[in-house]
Amino acid sequence: MSEQVIEPRIRGFISLTAHPEGCAANVREQVEVVRKAGITGHLGTVLVIGSSTGYGLASALVSCFGYGAQTLGVCFEKEPEESKPGTAGWYNLAEAHRLARLDGRTFETINGDAFSSEVKQQVVDALRRLGPADLVIYSLASPRRKDAAGTIWNSTLKPIGKPYTGKGFDLRNDAVTEASIEAANDEEIASTVKVMGGEDWADWVDLLLREGLLAQGARTVAYSYIGPELTAEIYRDGTIGHAKEHLEATGHALDARMGAAVDGDAWVSVNKAVVTQASAAIPAVPLYLSVLMKLMKERGTHEGPIEQVVRMFRDHTGPVATPTLDDKGRIRLDDLEMQPDLQAEIAGIWDGLTTENFRAQSDYEGYQRTFHQLFGFEVPGIDYAAPTEVNRPLV
Ligand code: NAD
18 MSEQVIEPRI RGFISLTAHP EGCAANVREQ VEVVRKAGIT GHLGTVLVIG SSTGYGLASA
78 LVSCFGYGAQ TLGVCFEKEP EESKPGTAGW YNLAEAHRLA RLDGRTFETI NGDAFSSEVK
138 QQVVDALRRL GPADLVIYSL ASPRRKDAAG TIWNSTLKPI GKPYTGKGFD LRNDAVTEAS
198 IEAANDEEIA STVKVMGGED WADWVDLLLR EGLLAQGART VAYSYIGPEL TAEIYRDGTI
258 GHAKEHLEAT GHALDARMGA AVDGDAWVSV NKAVVTQASA AIPAVPLYLS VLMKLMKERG
318 THEGPIEQVV RMFRDHTGPV ATPTLDDKGR IRLDDLEMQP DLQAEIAGIW DGLTTENFRA
378 QSDYEGYQRT FHQLFGFEVP GIDYAAPTEV NRPLV
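Mapping to the numbering used here: the sequence shown position 389 is 406, numbers consecutive.
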């Protein structure tokens, strides 16, 4: 037992602390969304790679609490040590494990580097025990990858071909800025593809196929993003977009291999922009998201990761769904974000955004609150003055 009062220490897009009970309350709320979604159908075993926060956590919760799947997650989180608190993802999973146990469901986690062969082997061993996977979700967002030869690759967020100058946002000072970012060199482009492209997803799928650990008719899904013209130079046409194109091309190759081997499928799902640790680090995205959130809330179309993933399973990848694909073979959960009239409205607001007016023109308050909630802060009903147990195990 180690109870402490945990204070927020947020620096720009990094939070140095996480509140265990706030994170637990977030997970309970997501599980409630799943329970109320009227889900029908059952999945046997689901593997989620990147299962502790954001889209991966939502995927694991929908699998376990919606489709009754034995859910195995892989993540890279800091475990609490004696009196030293762990990371938000750890506390999210501690609560997910607890809720699953209460319900007699199976939710297991392997905490370690998903790129490594050691962790891949641990997953193989776990699936031998649980049974072959019916669904594998690939939801890693990582700044770096150490490959099998020990080489470290770093992911960068840079434009390609020419420098980027455009709107930025300084989360430390809440200021709209003019950002200017040098174009990436070839090495940076290749390195970003190594980290966030499809190579590791393919390594996972090929390994599980070789080991006979994908069930007949199994499906695998990886997550991608496209986004608007406003962020294209820095996102879709930049280093990360290049990696996403590689991921999407990998999806087609995997689809053929999955089809031949187990009559299965591989898809990429293009999801909407949501507030996560990964998206906060992308220049201009927090500002774009703040405007997007205001307008989507006004239209009644606002969704977070859990609503997106409920919809993905229901309409596209769940056991009783057949996906609708775009002309490039992708699932489009970003359909509501990309509605042309909505995007035209955002574009009309964008150029006029300044440090003085952005709060009125956007839902920055909502963005900030959601960002702080990722780490368990500003969650309604939590007494932040009270000590909370930091030593929460994943059992
Ligand atoms: P996130 O930062 O919330 O989650 C990343 C997950 O990956 C965490 O569970 C983390 O523990 C895990 N992880 C990171 N490095 C790891 C490693 N080496 N080994 C094991 N686990 C590791 O990210 P997110 O925003 O949910 O993004 C997930 C995917 O969804 C990414 O592919 C991202 O591009 C995509 N996506 C995100 C958005 C968005 O707006 N956030 C939109 C569309 C698509």
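Cβ atoms here follow ideal geometry from the backbone N, Cα and C, with glycine treated the same way. Note that the coordinates shown come from a computational prediction; the quantities given were computed from them, not determined experimentally.
Proximal residues to residue i (C-beta, below 7 Å), its chain only, five neighbours per side dropped
i	result
residue 388	292, 297
residue 256	173, 174, 175, 177, 201, 205, 206, 209
residue 281	231, 234, 235, 236, 275
residue 59	84, 85, 336
residue 269	346
residue 381	307, 375
Nonlocal neighbours in the same chain, by C-beta distance under 8 Å from residue i, ignoring five residues either side
i	result
residue 392	25, 27, 32, 34, 35, 36, 39, 40, 105
residue 45	112, 116
residue 325	72, 75, 288, 289, 291, 350
residue 398	42
residue 143	89, 125, 127
residue 161	169, 170, 171, 172, 212
residue 241	261, 264, 265, 285, 286, 287, 288, 347
residue 390	39, 43, 396
residue 386	395
Collapsed DSSP secondary structure at residue i in the structure displayed
i	result
residue 276	helix
residue 395	coil
residue 229	coil
residue 307	helix
residue 238	strand
residue 90	strand
residue 364	helix
residue 208	helix
residue 20	strand
residue 132	coil
residue 183	strand
residue 216	helix
residue 286	strand
residue 189	coil
residue 337	coil
residue 262	helix
residue 68	coil
residue 151	strand
residue 345	coil
residue 159	coil
residue 267	helix
residue 109	helix
residue 173	coil
residue 7	Past the edges of the chain, shown from 18 to 412, lies residue 7, and the structure says nothing about it.
residue 101	strand
Outcome for residue i when other beta-carbon atoms lying within 10 angstroms are tallied against a minimum of 16
i	result
residue 47	buried
residue 251	buried
residue 67	buried
residue 55	exposed
residue 373	exposed
residue 6	Because the chain in this structure spans residues 18 to 412, residue 6 falls outside the shown range and cannot be described.
residue 233	exposed
residue 246	exposed
residue 151	buried
residue 182	exposed
residue 87	buried
residue 216	buried
residue 138	exposed
residue 301	buried
residue 440	Only positions 18 to 412 of the chain appear in this structure, which leaves residue 440 out of reach.
residue 357	exposed
residue 283	buried
residue 314	exposed
residue 100	exposed
residue 197	exposed
residue 185	buried
Supposed close pair residue i, residue j - CB separation, criterion 8 Å
i	j	result
residue 50	residue 396	Going by Cβ atoms, the distance from residue 50 to residue 396 rounds to 15 Å, so no, they are not a contact pair.
residue 213	residue 260	4 Å
residue 73	residue 154	7 Å
residue 177	residue 206	6 Å
residue 43	residue 93	With a Cβ gap of about 19 Å, residue 43 and residue 93 do not count as contacting.
residue 363	residue 308	5 Å
residue 295	residue 264	No, residue 295 and residue 264 are not in contact; Cβ-Cβ is about 14 Å, not under 8 Å.
residue 193	residue 370	5 Å
residue 20	residue 410	Actually they do not touch by this definition, with Cβ atoms about 15 Å apart.
residue 149	residue 229	7 Å
residue 62	residue 147	5 Å
Cutoff 6 Å; reference residue i; Cβ partners in own chain excluding five residues on either side
i	result
residue 353	318
residue 323	47, 50, 75
residue 406	20
residue 109	40, 44, 69, 74
residue 225	231
Residue i beta carbon near the ligand HEM (any heavy atom closer than 7 Å)
i	result
residue 290	The ligand HEM is not among the ligands present in this structure, which contains only the ligand NAD.
Residue i at chain C interface by Cβ criterion, 8 Å
i	result
residue 198	The question asks about chain C, but that chain is absent: this structure has only one protein chain.
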